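Protein chains in written order, with the numbering used here: chain A, -14 to 344; chain B, 228 to 600.
For each residue, glycine too, the CB sits at the ideal point set by N, CA and C.
This structure is a prediction, so every number in the text was calculated from the model and none was measured.
Here's the structure we're looking at; comments come further down.
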């Protein structure tokens, strides 16, 4: 027993000195994920970005990486963040909307630690930045493809939570599809989860039984892709390239590429140039990247590439009028482009969505 | 050679006391093997898991925050389980308690004085109790299976909360994101020692509730009634106790405590209603209740042990870089060893060796030897 205690004390001493030494040489970047890093969707992609950042900035010698998976968005998040802040993290990325209050509250107590909150809007302290991507740009391209590929003219959309980002995605998808087929409609199932393979698979089955012949998802597992593959219809991946899960099914996927943002921000910490920002970038900055266009005829592929190039160059914005709201009233006049502020709080559908938005 | 489990005539006092320590030693051993197999230093791993979270004051605060709802709910559940009422729906009662309690500051935002918080706590407990009354009345009147009804009502409660924070109670300043406005300062459960950490009065409520329920079970007629009905409803009826009344009592009590836990969590630890307010406390508390052997004082200890396993899990992920899967496996092992070692209280293990020289005909001798034990 005595020996164990000694060993414990010794290892404690080692840990403390090791911690002190590394604090001087290495930069410690910490990530908190809402799902498992093996979800092959949202959290997976953030983790890939983290690894890419570590690699780009000189590997383990320069950047120490720590992360916590599957942290619930309640009182646990604040504890997890506090532990990170106390364990010597120089910069902490909180990668889900539900961490917003916890991020700001811990940031207030640790003014020397930098915080980066994904998809939020609150920056209560100078050491809190927010960042997000214009995923809806990719959704528009998917819509264009769906408009060409769907024989039924109806796509199924597995949505997570009715927050602006998701509503924006549904609208962009419908607008893209309607640019090809004006009668195109979308059926939506709200899964009320970010990651639940069972629920997501059920939603996919229900939609397919209702006659949709293309599935797209705003949830993070590969289950819908696998169901679509079983049923022999086409589908779009989410957050990462899911081609492995549907080699003959995936048309394309919106890849969230966080790598260069993470590299840029951690580098800023290393150089001492970190400043508060609010970043919302899309295809132009390669924060949103389309997976290779597969399982479609060449002319559809050409159309998809053309619209992707237009969005990328800034020549076209998916939310350009004329666009009517779901009830038929006008939202955007001809040629009018939606303002970013309005999009970030978007809570209505455009025409062609076969669903009532949960309010 | 074979190994046999035979029931002890009486519970073993020795193993009652020894079993938690035995379980812990086995756990440490198995944990060390797992860490070593993953290529991590077992001492570092175990240190991060069991000691790191206890080393600093702020972390002790966090331990109290994590343990409080587990203990509060589990104490109530112990009364239910003791009386053979299988309330699996504490998670729902927790949620409804949070909704009832938080309704006061949300509907009367200008009502700000020292009476707000007590009212919220009372309403929280009331909400939980009312919600638990549904499966209770269904069982008492129609003999419905309370496991199913209470469990199903969990999902109903979560969807009600979801609807409220997306719709009627949504914070207009939240950019269409689903959350209720932040609670004002009078509506927040105060922190115990704000200088050193976040722990709030929740842990005090939990310990007081444990003591009160322990006293009720051990020293009062009501407690005796609960236990008798639980073990033998027929005997209870002969004794003049009403099964229906006990069902209602057990459910209302555990619902009230779960509801109190809910409002304390929302008002103290989170600060607002949002779609997710619990990482499954209502279900984890079932484990805590059994880990504490349905004894309220044991439950206090069990609540802290389970809370430590969450905190230790995070420390292990950060400090030595294992995944959360390892951490979950670890947690599962801890529970397994504790429950497995408790077997030794009721059973003894005997290794029966065949007598080397004797032919199979010697079995009667073995039987006789067994009789002498």
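message = What does DSSP give as the partner residue(s) for residue 444/B in the beta ladder?
response = Beta-bridge pairing links residue 444/B to no other residue.
query = Measuring CB to CB, does residue 273/A end up less than 8 Å from residue 123/A?
reply = yes
ask   = Using a beta-carbon distance below 8 Å, is residue 231/A in contact with chain B?
value = no
task = Show which residues of chain A have a CB atom less than 7 Å away from the CB atom of residue 619/B.
result = Residue 619/B is absent from the model: chain B starts at 228 and stops at 600.
Residue 578/B burial status per 10 Å Cβ neighbour count (16 or more: buried) = exposed
key: CB contact check: residue 51/A to chain B, cutoff 8 Å   = yes
task = In angstroms with no decimal places, state the Cα-to-Cα distance between residue 465/B and residue 385/B.
result = 41 Å
request  = Could you tell me if residue 246/B is buried or exposed, where buried requires 16 or more neighbouring beta carbons within 10 angstroms of its beta carbon?
outcome  = buried
request  = Taking a Cβ distance cut-off of 9 Å, strictly less, list which residues of the region 55 to 69 of chain A are near chain B, in chain order.
outcome  = 55, 56, 57, 58, 59, 60, 61, 63, 64, 65, 67, 68 and 69
query = According to DSSP, is residue 108/A helix, strand or coil?
reply = coil
ask   = Near residue 377/B, which residues of its chain fall below 6 Å by C-beta distance, leaving aside the five closest residues on each side in sequence?
value = 314, 315, 316 and 362
key: Span of the alpha helix (DSSP H) around residue 121/A   = 120 to 134
ask   = Is the number of C-beta pairs between the region 16 to 30 of chain A and the region 73 to 81 of chain A that are closer than 8 Å three or more?
value = yes
query = Does residue 544/B come within less than 8 Å of chain A when only Cβ atoms are used?
reply = yes
inquiry  = Given a cut-off of 8 Å on the beta-carbon distance, is the pair residue 296/A and residue 160/A in contact?
reply    = no
inquiry  = Counting only Cβ-Cβ distances shorter than 7 Å, please list the residues of the region 395 to 417 of chain B near chain A, keeping chain order.
reply    = 402, 403, 404 and 405
ask   = How long is the line joining the alpha carbons of residue 31/A and residue 166/A, rounded to whole angstroms?
value = 35 Å
message = Residues of the region 474 to 501 of chain B in Cβ contact with chain A at a cutoff of 8 Å, in chain order, please.
response = 492, 496, 497, 498, 499 and 501
task = Would you kindly check if the distance between the Cβ of residue 135/A and the Cβ of residue 199/A is under 8 Å?
result = yes
query = Can you tell which of 516/B, 492/B and 514/B has its C-alpha closest to the C-alpha of residue 505/B?
reply = 492/B
query = In whole angstroms, what is the alpha-carbon distance linking residue 7/A and residue 73/A?
reply = Note on residue 7/A: pLDDT 45, under 50, position unreliable in the model; no value is reported.
task = Determine the chain B residues that contact residue 156/A at a beta-carbon separation under 8 Å, and present them in chain order.
result = Those within 8 Å of residue 156/A in chain B number zero; the least Cβ separation is about 13 Å.
Residue 534/B - containing alpha helix (DSSP H), residue span = 523 to 547
ask   = Is residue 470/B closer than 8 Å to residue 456/B when the C-beta atoms are compared?
value = yes
query = Quick one: is residue 85/A buried, meaning 16 or more other Cβ sit within 10 Å of its Cβ, or exposed?
reply = buried
ask   = Should residue 332/B be flagged as near chain A, meaning a C-beta pair shorter than 8 Å?
value = no
ask   = residue 228/B to residue 214/A, Cα distance in whole Å?
value = 54 Å
ask   = Can a CB atom of chain A be found closer than 8 Å to the CB of residue 569/B?
value = no
message = For the pair the region 147 to 154 of chain A and the region 316 to 331 of chain A, tell me if three or more CB-CB distances fall below 8 Å.
response = yes
request  = Quick one: residues in its chain with C-beta nearer than 8 Å to the C-beta of residue 387/B, no 5 flanking neighbours on either side, listed in chain order?
outcome  = 322, 323 and 326
task = Within 10 angstroms of the Cβ of residue 288/A, are there 16 or more other Cβ atoms? Answer buried if so, exposed if not.
result = buried
query = Which residues in chain B sit within 8 Å of residue 36/A, going by Cβ to Cβ distance?
reply = Per Cβ cutoff of 8 Å: no residues; residue 36/A is ~13 Å from chain B at best.
Any C-beta of chain A under 8 Å from that of residue 505/B = yes
query = Where does residue 418/B sit, in a helix, a strand or coil, going by DSSP?
reply = strand
ask   = Is residue 461/B buried or exposed, if buried means 16 or more other CB atoms sit within 10 Å of its CB?
value = exposed
request  = Can you give me the start and stop residues for the alpha helix (DSSP H) that residue 243/B sits inside?
outcome  = 240 to 264
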